[in-house]
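Residue numbers (the working numbering), protein chains in the order written: chain A, 91 to 345; chain B, 220 to 506; chain C, 5 to 387; chain D, 323 to 616; chain E, 13 to 248.
Cβ coordinates follow ideal geometry from the N, Cα and C atoms, glycine included.
Since this is a predicted model, take the numbers as computed values, not measurements.
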Amino acid sequence: MDDVLLRLDRVSKHFGGLKAVDNVSFELAKGEILGLIGPNGAGKTTCFNLISGVYTPTSGAIYLEEKPTGGLPPYRMASLGVGRTFQVVKPFSTLSVVQNVMVALGLKRYGGVISSFAPWETKKSRKEAMTLLEEVGIAHLADTPSGQLPLGNQRRLELARALALMPGVLLLDETFSGLRHEEISLLSKLVLEVRNKGISVLLIEHNMKVAMGLSDRLVVLDHGRLLAEGKPEDIRSDPAVIEAYLGKGASANAS
Amino acid sequence: MQLFIEQLLNGVAMGAIYSLITLGLALVYGILRILHVAHAAVYTAGAYVGLYVFTLSGSLLLAVPAAMAVCAALGVAVERFVYTPLLRFPPFVPLIGSIAVFLAMEEVFRIVGGPYILSFPAELPFSGITIRGVVVSPAILSIYAVSAAVLLILWFIVTKTGLGLAMRATSQDRDIAGTMGINASFTISMTFVLGSAVAAIAGILVGIYYNQVYPTMGAVPAYKCLALIVVGGLGSLPGAVLASLLLGVGETLLIGYANIPLPRDSLAFIAMIAVLLWRPQGLLGGK
Amino acid sequence: MRVMKTAVLALCVLLLSGSLAFGADTVKIGLLVPLTGPAAADGTSALYSVQIALDQVNAAGGVLGKKVELIYYDDRADAKEAVALSHKLIEQDGIDAFVAGSYSLPTRAVAPIFQEEGIPLVAAYAIHPDVTRAGDYCFRNGFLGMVEGRAAGYTAHKLLGGKTVALLTSDNDFGRTLVVGFKEYAAKYAPDLKIVSEQAYPFSEKDYKPYLSKIKELDPDVIFASGYYFQTGPLLRQARELGIQSKILGEEGADSPKLMEIAGDASEGFHIVTNFDRDDPRPVVQDFLKEFRSRHKFEPDMVGASAYDAFMIITDGMKTSGSTEGAKVRDAIAAVKDYNGLTGIIGGFDEIGEVVKPVQVQVVKEGLFRHFGVVNDPELIKP
Amino acid sequence: MNDYSITILTFIAIQAIVACGLNVIVGYAGQISLGHAAFFGIGAYSSALLTTKAGLTFWAALPLVILITGSIGLVLGMPSLRLREDFLAVTTIGINFIVESVFLYVPFFGGALGLGGIPSITFLGTRLRGPNFLYLCLVLLGLVLLISRRFTKSWAGLACFALREEETAASSMGVSPIRFKLLAFVLGTAMAGMGGALYAHLMRFISATDFGFPLSITLMSMVVLGGIGTLWGPVLGALILGVLPEVFRPLIDYRMLLNAAILLLMIRFQPAGLLGEGSFLRGLFQRKGGTSNG
Amino acid sequence: MLLEVSDLKVCYGDIHAVEGVSLSIGEGELISVIGANGAGKSSLLNCVMGIVPSRGGKVIFCGRDITSLPVHERAREGIRIVPERARVFPRLTVYENLLAGCFGMKDKISFPEKLSWIYGLFPVLEERKSQLGSTLSGGEQQMLAISRALISDPKLLLVDEVSMGLMPVLVDKVFEVMEMLNREHGLTILLVEQNALASLGISSRSYVLETGKIVLEGASGDLLKDPKVQEAYLGL
């Protein structure tokens, strides 16, 4: 692929003796939706933390537009265009919903001494934030403290926040879990729209229907290792995947 | 050489006293994650109650248990009325509560016991020994004996008894300990009982050793011992003892052999910052 | 927000302006003493002694036919509080003169205020040199560190016959100037006196063995151990426990009956240089001792005696000048000569306001401070 | 008002300035600091030295004092980047003790004798004293409040709030923890330095014990009591803790006990502070709508 | 019925995690609750155990209303939990972890007996009995968590996402043990799982939880065939 945006090259992350991510390589193309699936504890979120700079890889390298990024802290990754959501939602609890989004809108301001002292609550920034909140469907909650939102809306807020960074890559960590059916379809549509704007999406998803439905390609992790990679229909019928997911006994049962 | 051994013996005795106070702090930090500054007031209370009962009865055998009992009650009261209700707030809220308790209790000691230094005229039932010119005073002997006994008993309770198991389990995972039938709030109170009773012993020991009991005697230990539990690794009991002994010996030797321009009490904090730069989790702390 | 601000401000002003004193027909003398906090013991001593002085003056008919009123506040030995309270004493209470019964830091902070207002100030035991340098209204009844240091040198050399001395001082302003005075004496008057070691310990020290172990090896004739009684007491005990045989000399900070309680038998034969001689047969001393002992269940100390004198010097100045006017009282105090004080015969005050009087040397015998000697060489006691 | 009330109010205003600085660190950026008195002291000592030894006027020294204190704040704020909360708390206590002992034991800082002879402040040729000094303090307090308010409304302030709430998330939103934590330390300690300079020239004599750990506790209590992270909280806290001991003054023996007891009761029953979330005062005084951020 | 839960509600602040769940378990049953991440499964289980408070509804155990009992008293009534991610005590040895498991047990004499039974069940624990909990691998920690719950001979065992992060072999093993405990020892088990297939495979009845509410319930065999379940949870 010549328009590769993000590339993981034999990346490993060890915690003490635990190999959370073990020699994983995959690529994300521009404008692609790539699903990252695997059983609980397979290392998916660790992968996200490596890409977004929360963790530094034990070995291997990560390239963004072919520039190595390993070791850059999260805020540098954010300014390079990596936006993410968190599996365990991390709202800025006492800040209102719209302020949460503004934090991300400030990305371009935080670098300069003068620009970082400009006031944040301007008509322009509020309008930008409100547009994003409307997109994810929580504009009516703009002035509620984000800590008081139900989980579903907090997930939408996470998405709005990540979008506010105007990222080149969007990392969605189980953004759909805990949502109702109609919410899932609304946000799925949004993810597709985002992709159509040329933003690449890497998503972790447990709901197979959603994962299979949204993704152009899937990467399956198991015990930190890359188990399979391919189009949804291939993955669906891959016996190794079924076994990893459902256990041996189950694989016989299911097939 | 003789000087060196005397200094060393001294330093270990200082360290032993530190460790008796520090242990209570480490116990409390381990189970509640609170910096228990008021512990130093409990220690002062131990000295006062011990002295009072000793003056009335003339017997240390009565004074020590009485002081332990009163301090245990005091510790539990602080836990119940100040810490437990403030646990859900950021840690500096209970910390300020703790400091307020400490200051209030210092005032109570002054009002009840007077501002003057009281003497603790207990005669120790044995005399000192001299080995090859090295003088070991009865006070130092008793500090060794008492602190060794206390550490041993504490070690036994913490590692060998059901209560100790409950304490350790509660400090590592309070909810899960509860699911095993461990009554967390009772266990926490018992932790305060233990720590405070040991502090009472330390108070009496210091009172006798220096022959002084006064309202502000807790002021230095209150904060210095915080540095010690940080050096030891917050909540680690062996760490607390190790840090105390190291500091006791280190202070003594530094004063004895080097003319340092800074006072002894800031040494603990300098040591703490040095240790933190090297091992941010403390000497024996886990991650 | 604005509502809140004004409300709180109004409340505060209301609270502050609560207790305006009304000018009554009394002579008012102000006193600041630390009654809470770490210095509470000294403040309490000073207060008790001044109260005895007050009652004695009033029993004898007061000053200029008026009763004397004592207005005292607790300054916690804190400079900020002392500054605010001195304003309170001056404006709300309208005092005529002031007894500084507190430590150096607060006293030094308030001295310029009284100087500016023209109110005479007599410091009881604050030792910072700047107290009297604030101006001509400021006097001190206690010794400067230099004086007492020289006297200590003299005592160690002449009275105790020492040839070698180890210096072990409390590391605070007083301790340091004492050492300077001691060394000055040694350099000027006693070329045969050898200072074998010099150490300082921090104020909150409890464990003196590291220092003492060092001294023990040197085995000096005299140890000059400056410090307060709660420092010197344990120090004496620990020295004797270590088997140190040297004579030990302390200073006025150790002048408290608590010393003997703390040190026990180890205090026997301990010498101090101080400004209070309990064996002085003059009635002023013996009456005070009797009165203090009957009022309180413990022995008076040097801090109290010095505060007593500070109060008495002021009332005496009022009597001799026949006025309570600041300038006149100041002149009267400045002109004091051979005043019969509790802390000895006060020769007078020098041009800066420092007292000139003999330094007392006391020794502990059978658990009591007893007369040992006097240093009254004018060269040595000159401030 | 008489000089007594003015003196008390002047001290309150100075402490409010310093408490506002602490509030920037603790309230806005969520970093614990129990050694704030050290920076108050650094401000006081640097102003004292600049005006006595270097012969500068107060007005010339003030910007330098703010610069010096802020720079030292930058360096001593570094532990906050590495240590978790409780370790940081104890470390800042340690910084306070160490700074105090440096002042006390290094002869350059006057040692145990303290520093005296600090000139008073002159303004347009007249010496500032009494009410005029208070006005100066109030003007600077107003300035500090203005800066605080402006800070909460700036992107930098928003970044600090985000860091306070969720460091990982904030970092993933492009907020550099290093930059903004240190910024808060610099700003907060510079305010403390300004307060220190005022204190030095008010007292005209300073000594190390004026800047000990108990003062740090008082400052922290002011912030917590008034309402951590609120604009007016530190001022209200300073006012209460400044006036309370004066109210209790007639009860000589029980004064400090009552003071401590009231602090304890307030912490116990209004732990979020008097102007904090869910307090009774906030209900009374907070304007509708515009929240003052947390 | 051994356990009856009616209209149970759990909130965290203003967030509703469980919104009126009712379920019941008879003695000797093995029941599973399946659902996606964030459906409220763990909250439900933690609320039955008493770790999180309920905001409404009732929990009745052995005919006794235990809704307001604190967690340790529920434990003493005979409820035990295998928590999510095992949560073994990291700085206690394996042996001490097991000892803590029977803290409230009156009859201490049977402890060695129980211990050898556990060691028979999971021999690896005996090998590691003096190692600290934190040094065990993920699978060993799960085994320890199960053993710690079993050693007190509970009346009801709550199992929270035991398959999380385990190798398939171990998942199979763990589920086999669950099935065995239920069949051979008559242990009542309430299983909460994301791994729908495996848990439907061993349970008799199941509930499907979605966003805090029960949306489906019935015999596990029927649910396995339910198209909605197949689509959402089995990925088929």
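DSSP bridge partner residues for residue i (one or two, in chain order)
i, result
"threonine 349 of chain B", "B/Val354"
"valine 363 of chain C", "C/Val379"
"arginine 144 of chain C", "C/Ala127, C/Glu358"
"asparagine 176 of chain C", "The partner list for asparagine 176 of chain C (beta bridge, DSSP) is empty, contrary to what the question assumes."
"arginine 80 of chain C", "Bridge partners of arginine 80 of chain C: none, in fact."
"glutamine 203 of chain C", "C/Leu172"
"glutamate 205 of chain E", "E/Ile46"
"valine 33 of chain E", "E/Leu20"
"serine 290 of chain A", "A/Val259"
"lysine 369 of chain C", "C/Leu372"
"threonine 105 of chain E", "E/Leu144"
"lysine 32 of chain C", "C/Glu73"
"alanine 229 of chain C", "C/Leu172"
"tyrosine 200 of chain A", "Bridge partners of tyrosine 200 of chain A: none, in fact."
"lysine 109 of chain A", "A/His104"
Option nearest residue i by Cα separation, candidates the options
i, options, result
"serine 149 of chain A", "A/Lys198, A/Phe105, A/Glu295, A/Ser205", "A/Phe105"
"leucine 195 of chain A", "D/Val387, D/Pro401, D/Met495", "D/Met495"
"leucine 148 of chain C", "C/Lys210, C/Glu95, C/Asp177", "C/Asp177"
"alanine 51 of chain E", "A/Val291, A/Pro240, A/Ile332, A/Glu283", "A/Pro240"
"glycine 501 of chain B", "B/Gly469, B/Met287, B/Ile448, B/Leu472", "B/Ile448"
"serine 346 of chain B", "B/Ser361, B/Leu337, B/Val353", "B/Ser361"
"leucine 463 of chain D", "D/Pro499, D/Leu561, D/Ala506", "D/Leu561"
Expected contact under 8 angstroms - CB spacing of residue i and residue j to nearest Å
i, j, result
"serine 390 of chain A", "threonine 221 of chain A", "Since the displayed chain A opens at 91 and closes at 345, residue 390 of chain A lies outside it and no answer follows."
"threonine 48 of chain C", "proline 334 of chain B", "5 angstroms"
"aspartate 79 of chain C", "leucine 93 of chain C", "The Cβ separation is near 11 angstroms, so there is no contact."
"arginine 217 of chain E", "glycine 230 of chain E", "7 angstroms"
"tryptophan 477 of chain D", "tyrosine 200 of chain A", "7 angstroms"
"histidine 358 of chain D", "serine 442 of chain D", "In fact, because the Cβ distance is near 26 angstroms, the residues do not count as touching under 8 angstroms."
Local Cβ density within 10 Å of residue i, reported as buried at 16 or more and exposed below that
i, result
"methionine 324 of chain B", "buried"
"phenylalanine 223 of chain B", "exposed"
"phenylalanine 26 of chain C", "A caution first: phenylalanine 26 of chain C carries a pLDDT of 43, below 50, which makes its placement in the model too unreliable to give a value."
"glutamine 206 of chain E", "buried"
"aspartate 269 of chain C", "exposed"
"isoleucine 315 of chain B", "buried"
"leucine 496 of chain B", "exposed"
"methionine 220 of chain B", "exposed"
"aspartate 259 of chain C", "buried"
"methionine 287 of chain B", "buried"
"arginine 245 of chain A", "buried"
Subject >> chain A contacts from the segment 25-37 of chain E (Cβ-Cβ distance under 9 angstroms) >> reply: Gly25, Asp26, Ile27, His28, Ala29
Original post:
Mind listing which residues of the segment 231-244 of chain C have their C-beta closer than 9 angstroms to chain D's C-betas, in chain order?
Top reply: none
Original post:
Using a beta-carbon distance cut-off of less than 7 angstroms, what residues from the segment 191-216 of chain C approach chain B?
Top reply: Pro206, Ser208, Glu209, Lys210, Asp211, Lys213, Pro214, Tyr215
**OP:** Determine which residues of the segment 390-418 of chain B have a Cβ less than 9 angstroms from any Cβ of chain E, and write them out in chain order.
**Re:** Ser390, Gln391, Asp392, Asp394, Ile395, Ala396, Gly397, Thr398, Met399, Gly400, Ile401, Asn402, Ala403, Ser404, Phe405
Original post:
What residues from the segment 460-473 of chain B come within 7 angstroms of chain C, judged by C-beta to C-beta, listed N to C?
Top reply: Thr471
Original post:
Listed from N- to C-terminal order along the chain, which residues in the segment 281-303 of chain C have their beta-carbon within a distance smaller than 7 angstroms of any beta-carbon of chain D?
Top reply: none
**OP:** Would you list, in chain order, the members of the segment 474-488 of chain D that have their beta-carbon closer than 7 angstroms to a beta-carbon of chain A?
**Re:** Lys475, Ser476, Trp477, Ala478, Leu480, Ala481, Phe483, Ala484, Glu487, Glu488
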